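Numbering that gives the first Met the number 0 numbers the first residue of the sequence shown as 0 and each following residue consecutively.
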Amino acid sequence: MIFPDLGIGTIQDQLWLLLFVMVRIGAALLAAPLFGIRAVPVQVRVIFAGAMAVFILNWLPVRVPEEMLGVETLVALVGEAVIGLMLGFTLQLAFAAPLLAGEQIAGGMGMAIATAVDPNSGSQSGVVGQMLGIMLTLIFLAIGGHLLWLRLVVESYALFPPGSDWDIGAQAWRVASFASQAFATALVIALPITLVLLLVQMVTGVISRSAPSLNLFALGLPASVLAGIAALIASTPLLTEQFVTLAETAIGQVGMIARPDGAGAP
Numbered sequence: 000m001i002f003p004d005l006g007i008g009t010i011q012d013q014l015w016l017l018l019f020v021m022v023r024i025g026a027a028l029l030a031a032p033l034f035g036i037r038a039v040p041v042q043v044r045v046i047f048a049g050a051m052a053v054f055i056l057n058w059l060p061v062r063v064p065e066e067m068l069g070v071e072t073l074v075a076l077v078g079e080a081v082i083g084l085m086l087g088f089t090l091q092l093a094f095a096a097p098l099l100a101g102e103q104i105a106g107g108m109g110m111a112i113a114t115a116v117d118p119n120s121g122s123q124s125g126v127v128g129q130m131l132g133i134m135l136t137l138i139f140l141a142i143g144g145h146l147l148w149l150r151l152v153v154e155s156y157a158l159f160p161p162g163s164d165w166d167i168g169a170q171a172w173r174v175a176s177f178a179s180q181a182f183a184t185a186l187v188i189a190l191p192i193t194l195v196l197l198l199v200q201m202v203t204g205v206i207s208r209s210a211p212s213l214n215l216f217a218l219g220l221p222a223s224v225l226a227g228i229a230a231l232i233a234s235t236p237l238l239t240e241q242f243v244t245l246a247e248t249a250i251g252q253v254g255m256i257a258r259p260d261g262a263g264a265p
């Protein structure tokens, strides 16, 4: 193999191999919702990617292009980055579902103005969506989803080694299909609570028409907030079931992307 001379002796060959393997892992960690949040320093992600690359080089017979500065190597690096981004972005779509459902619920409750800093992105987002996002995160960690995802990232080097043929169009279609499924899950999560809030708003509207002297805003806003909180508490078992299914489906989609034959998660 032809490696650029860094003047560090015999370890430079292993260093180039390590950097090559770290591309896919680093891209996956950057796009993943738990490992790529702003609260995790970049140095930690780099060290973690390097540690995983060391184990992968010892566990799996990873082959890299002959010339590290050649066009073939650059194309392979781009492919490695795309694979890693897809592996992490699939989880990102799953974690976006509760945020979308929370925005719809907060709008019906009249709490759309109640926002806080989202630790994942650093931007402002609704408190209801953040609460649902925390629930999904805890459930995802409880079922060991982070460990299964890391396992699939490692296995992707054996099932789809660097430089092998990979149908990016088919994998992108899988990601898009899972995005529609995640949005449908967000609708299922928000629909029961939204229906309860709609019923409360209809009742307050009838009351306001029957007694015009009543202040609709003083009556409707507290009723919507209380009804929304009660509906969230009552629908907790449904939310738990939906979040578990969403997390398992996300892991399954990552497994289908990591395998060229689309065999699914282990």
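The beta-carbon is built from N, C-alpha and C at its ideal position, and this holds for glycine as well.
The structure displayed is predicted, hence computed values, not measured ones.
Cutoff 7 Å; reference VAL187; Cβ partners in own chain excluding five residues on either side:
GLN241
Range covered by the alpha helix (DSSP H) that runs through LEU168:
According to the sequence displayed, residue 168 carries Gly and not Leu. Unbroken alpha helix (DSSP H) run through GLY168: 167 to 209.
Among ALA48, PHE34, PRO221, which has the Cα closest to the Cα of MET110?
In terms of Cα proximity to MET110, the closest of ALA48, PHE34, PRO221 is PRO221.
How many angstroms separate the CA atom of GLY106 from the CA atom of GLY227?
Answer to the nearest angstrom: the Cα atoms are 10 Å apart.
Given a threshold of 16 other Cβ atoms within 10 Å of its Cβ, counted over all protein chains shown, does VAL245 qualify as buried or as exposed?
It is worth fixing the name first, because residue 245 is Leu in this sequence and not Val. Result: buried.
First and last residue of the alpha helix (DSSP H) that includes VAL39?
Note, VAL39: premise wrong, no alpha helix (DSSP H); not H, not E.
Express the C-alpha separation of THR248 and ILE192 in angstroms, rounding to a whole number.
23 Å
For GLY143, which of helix, strand or coil comes out of DSSP?
Secondary structure of GLY143 (DSSP, three-state): coil.
Measuring alpha carbon to alpha carbon, tell me which of ARG23, GLN252, LEU225 ends up nearest VAL81.
ARG23
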